Structures are given as structure tokens and as C-alpha cells.
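J.: Numbering (UniProt numbering), first residue to last: 1 to 354.
#1: Is the beta carbon of residue 254 less than 8 Å from the beta carbon of residue 231?
#2: Between residue 55 and the rest of its own chain, which residues show a CB-CB distance below 6 Å, the 5 nearest in sequence each way excluded?
#3: For residue 63, which beta-bridge partners are listed by DSSP?
#4: Should residue 95 and residue 39 be called a contact, given that it needs their Cβ atoms to be closer than 8 Å?
#5: Using a threshold of 8 Å, state whether the C-beta atoms of residue 168 and residue 45 are closer than that.
#6: Would you decide whether residue 85 is buried or exposed? Buried here means 16 or more other CB atoms lie within 10 Å of its CB.
#7: Who are the near neighbours of residue 128 in its chain, counting only those whose CB is closer than 8 Å to its CB and skipping five residues on each side?
#8: Could you give the distance in angstroms between the alpha-carbon of residue 133 and the alpha-carbon of residue 97?
#9: Would you call the stretch 235–252 and the stretch 203–218 in contact, with 3 or more CB pairs under 8 Å?
#10: For the alpha helix (DSSP H) that residue 126 lies in, which residues bound it at each end?
#11: Run through DSSP, which three-state label would residue 252 get?
#12: So what's residue 121 in DSSP terms, helix, strand or just coil?
#13: CB residue 272 to CB residue 135, shorter than 8 Å?
#14: With three or more C-beta pairs closer than 8 Å as the rule, is the stretch 220–231 touching the stretch 197–207?
#15: Can you list, in chain order, the residues of its chain with a C-beta nearer than 7 Å to that of residue 285? Leave out the 5 residues immediately preceding and following it.
#16: Return the residue from the list 119, 126 and 122 that minimises the CA-CA distance to residue 104.
#17: Assign residue 280 to one of two classes, buried (16 or more other C-beta atoms within 10 Å of its C-beta) or exposed (fewer than that).
#18: Report the residue from 41, 172, 239 and 278 whose alpha carbon sits nearest the alpha carbon of residue 260.
#19: Return yes when the Cβ of residue 170 is within less than 8 Å of the Cβ of residue 180, no when it is not.
#20: I'd like the span of the alpha helix (DSSP H) that includes residue 58, first residue to last.
#21: Is the Cβ-Cβ distance between residue 107 and residue 130 less than 8 Å?
#22: Quick one: give me the first and last residue of the alpha helix (DSSP H) that residue 208 is part of.
#23: With burial defined as no fewer than 16 other Cβ atoms inside 10 Å of the residue's Cβ, what is the status of residue 162: buried or exposed?
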């Protein structure tokens with residue numbers, strides 16, 4: 001479908017090849033370029049995420065040495081070196097510049113080559129792409145003009161948006177596509193799960209708060225219901241950090257009920273999610289066995305719709321095809337041995353004498 005659309009939109013073969021390679025980067029016409037473009041894109045994504053994580057390691061940071069003048073009690077001046085602040089190594093800056101240069105180039109070329117700009121902008125993966133790339137340039141501007149601020153390090157928190165580039169790997173991995181489609185198909189079940197979790201958290205947080213106050217308990221950790229919400233969430237999800245533990249018998253009983261309710265609540269929607277995953281996985285496996293030409297027409301997100309009789313005969317209209325099919329079915333039913341009744345004696349003699 002997309003290939004035919006691109007052929008209709010482009011008359012020049014060079015432009016058509018360009019659109020196939022950029023708009024469909026990994027299903028283009030030139031087989032040698034498909035793995036190269038895919039490997040380069042995945043390489044820059046992995047390098048960008050790895051650089052973002054490694055630059056926070058203490059061994060990968062350089063201390064900022066500042067001279068501080070201190071006025072002593074005897075009205076004399078002394079100088080000390082402040083090494084509390086550290087900056088990432090300069091190599092990480094060049095790595096990020098190189099990676100973001102590739103992301104910017106890839107995004108603009110794909111945007112220019114895309115026939116439908118509105119669908120391109122509304123795509124969730126493309127939104128993540130240009131937001132993550134834009135955050136890099138915003139960090140450069142803030143580092144230039146807001147470096148003198150006292151709490152300038154807080155601005156680096158917004159650079160965490162770049163981790164969302166991992167979602168770009170969905171373009172290159174069918175397994176991630178299956179997982180995303182599974183969560184989309186199970187949205188109602190997941191919403192119901194969250195609702196029951198929130199309901200149980202509020203109920204058990206209130207119960208454990210009052211249960212710990214029934215008896216004398218000097219080691220009570222549940223000083224308020226909001227603290228009980230944290231304990232109920234950890235208990236219902238069967239994590240159990242152990243930072244807050246009920247001490248009274250009534251509180252222990254409430255904790256046991258909370259754990260059992262959490263196990264039952266989380267286990268209920270799991271079969272639905274597993275069945276949806278199995279459905280999309282089987283569809284992907286069947287699609288992988290198709291020839292490449294038909295595989296490009298049938299995307300993984302859209303299961304194949306049943307074909308009408310009119311689609312098998314392009315020169316025949318739908319009512320005529322349906323009428324012909326009905327006549328064939330009636331003829332089959334009329335000639336079926338089970339539907340045929342033996343002729344009566346009068347009819348038999350009439351046929352014989354005739």
C-alpha cells in the first residue's frame with residue numbers, strides 16, 4: 001500500500017528511491033542500504049543512552065576547581081580550593097553533539113521526504129524523537145545563559161527526556177512492536193487493574209493506620225494515612241521493602257489481607273494480556289513466512305481483513321457477486337443428497353410413463 005502510494009506521488013525514480021529509503025528506512029528498494037541505515041540508527045541511539053548514563057559516574061567526571069577567598073579572624077585573607085562541584089568529561093559533550101547531529105539530520109530528512117506531514121507530526125515515536133532532540137539544544141542554551149545560577153544543576157533534570165529515545169528502537173524490533181500493541185489492546189484491563197489497586201491501597205492504608213493505634217505501640221511507623229499508602233502499595237505489589245512493618249496483631253492481620261488482595265488483584269487481568277500477546281505474536285510469525293512483497297503490504301499493527309467476493313473480481317460489482325454466490329449456494333443446497341427427498345409414487349409413475 002505504501003509502496004503504491006509513493007509510486008503515485010513520485011514520478012522521478014530517484015525521488016521514489018529517496019522516499020522509500022527515508023520514509024520507510026528499513027523497507028526500501030535498495031537491499032544493501034537497509035541494514036546499514038538500521039545499524040547506524042541503532043548505534044547512535046545506544047551510544048547516546050550509554051553516554052547519558054556514564055557521564056554521571058564519579059570516575060567519569062572532572063572536579064571544578066575554584067579559588068575561594070576567606071576572611072579570617074585576624075583580618076587576613078586566605079585562599080582555598082573548592083572541589084565539591086564536578087562536571088562531566090568534555091568527551092561526553094562531543095559524543096552528544098555527534099549523536100544529536102545524526103538525530104537532527106535523520107528527523108529533518110524524514111520530515112521533508114514524508115508525503116503526509118500531519119501524520120508524521122502526530123506519530124508518537126516522532127514526538128519522542130523531536131522532544132528528545134530539542135532537549136539537547138535547550139540544555140546548551142541554559143548552560144550558556146543560566147550557568148551562573150545557584151541551582152543550575154536542577155535544570156539538568158530535564159535531560160532525562162533523552163532516555164525516551166529507547167522507544168525509537170520499536171522501528172527496528174518486531175518484539176517491541178508486539179509488546180506495544182499488546183498493551184494497547186489490553187488498555188481496558190490495565191485501567192481496571194489500576195483502579196482496583198488504587199481502591200485497595202486507600203482501604204488498607206486507612207485500616208493499618210487505625211489498627212496500629214488500637215494498642216499501645218511506641219514503635220508505630222504509621223504516623224499518617226499517606227505513609228500508609230506507601231506501605232499498602234509496596235505490600236499489594238508484593239515488593240516488601242521492610243521499611244514500614246505493622247507491630248500489633250491487628251496490623252499484622254490487615255497486612256496479610258493486603259498481601260492476599262494484591263496477589264489476586266494483579267493476577268486477574270494477566271490471562272487477558274497473555275492471550276493478546278499470543279495473538280499478536282502468532283500474527284507476526286505468520287507474517288514472517290509470507291513473501292517479502294506481501295509482507296510489506298501487510299503491516300504488523302493491522303491484522304488482515306477478510307476479503308469480500310467483490311474484491312476477488314475487480315470487474316464485477318458487489319451486488320452481482322453476492323447474487324451469484326447466493327445462486328451457487330442455493331444450487332448446492334438443492335442438489336445436496338441430504339436435502340433431496342425421495343419422489344412420491346405418483347410422481348415416479350408419471351415420470352416412468354412419460
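Here a beta-carbon is modelled for each residue, glycine too, at the ideal position from N, C-alpha and C. Model, not experiment: these values are computed from the prediction.
T.: In brief:
#1: In this structure, residue 254 sits away from residue 231, with a CB-CB distance that is not shorter than 8 Å.
#2: If you ignore the 5 residues before and after residue 55, its C-beta comes within less than 6 Å of the C-beta of 88 and 92, all in its own chain and listed in chain order.
#3: DSSP links residue 63 through a beta bridge to 86.
#4: Going by C-beta atoms, residue 95 is not nearer than 8 Å to residue 39.
#5: Taking a C-beta distance under 8 Å as the contact criterion, residue 168 and residue 45 qualify as a contact pair.
#6: Label assigned to residue 85: exposed.
#7: Closer than 8 Å at Cβ, skipping near neighbours: 164, 165, 167 and 168.
#8: The straight-line gap from Cα to Cα measures roughly 10 Å.
#9: Judged by Cβ distances under 8 Å, the stretch 235–252 makes contact with the stretch 203–218, as three or more pairs qualify.
#10: Segment 124–145, the alpha helix (DSSP H) holding residue 126.
#11: Secondary structure of residue 252 (DSSP, three-state): helix.
#12: The DSSP-derived three-state label of residue 121 is helix.
#13: No; because the gap between Cβ atoms is not below 8 Å, this pair is not in contact.
#14: In the pairwise beta carbon analysis, the stretch 197–207 is classified as touching the stretch 220–231: at least three pairs are separated by under 8 Å.
#15: Exclusion of the five residues before and after residue 285 leaves no residue of its chain whose Cβ lies closer than 7 Å to its Cβ.
#16: That would be 126, whose Cα lies nearest to the Cα of residue 104.
#17: Looking at its Cβ environment, which holds 16 or more other Cβ atoms inside 10 Å, residue 280 is buried.
#18: Taking only the C-alpha atoms, the option nearest residue 260 is 239.
#19: In this structure, the beta-carbon distance from residue 180 to residue 170 falls below 8 Å.
#20: Run containing residue 58: none; DSSP gives neither H nor E here.
#21: Contact: yes.
#22: Annotation for residue 208: the continuous alpha helix (DSSP H) segment containing it runs 187–211.
#23: When all chains shown are included, residue 162 counts as buried.
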